[in-house]
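In what follows, a single structure is set out as structure tokens and then discussed.
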Amino acid sequence: LFELVLLRPPRESEATALRAYLEKHGLANTCRLLLNSNEFMFVNNRL
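Read in the numbering used here, the sequence shown has 1420 at position 1, and its numbers run on one by one without any break.
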């Protein structure tokens, strides 16, 4: 999911944090988190 949204593999710290967030808040909220990130907005505005 991370690579699909941000077009790069996650760093180890990002993968760990995202996994913890996913377990606590679920898939829908994790998707919302990634899609509302500054990095996603910037990457997709260049396409």
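Beta carbons: idealized from backbone N, C-alpha and C, even for Gly.
Span separating the alpha-carbon of residue i from that of residue j
i            : j            : result
residue 1453 : residue 1421 : 7 Å
residue 1435 : residue 1446 : 15 Å
Distance CB(residue i)-CB(residue j) smaller than 7 Å
i            : j            : result
residue 1461 : residue 1424 : no
Which of helix, strand or coil DSSP assigns to residue i
i            : result
residue 1432 : helix
residue 1454 : helix
residue 1438 : helix
residue 1426 : coil
residue 1446 : helix
Close Cβ partners of residue i (< 6 Å) along its chain, the five nearest in sequence each way excluded
i            : result
residue 1441 : 1449
Cutoff 8 Å; reference residue i; Cβ partners in own chain excluding five residues on either side
i            : result
residue 1433 : 1421
residue 1428 : 1421, 1422
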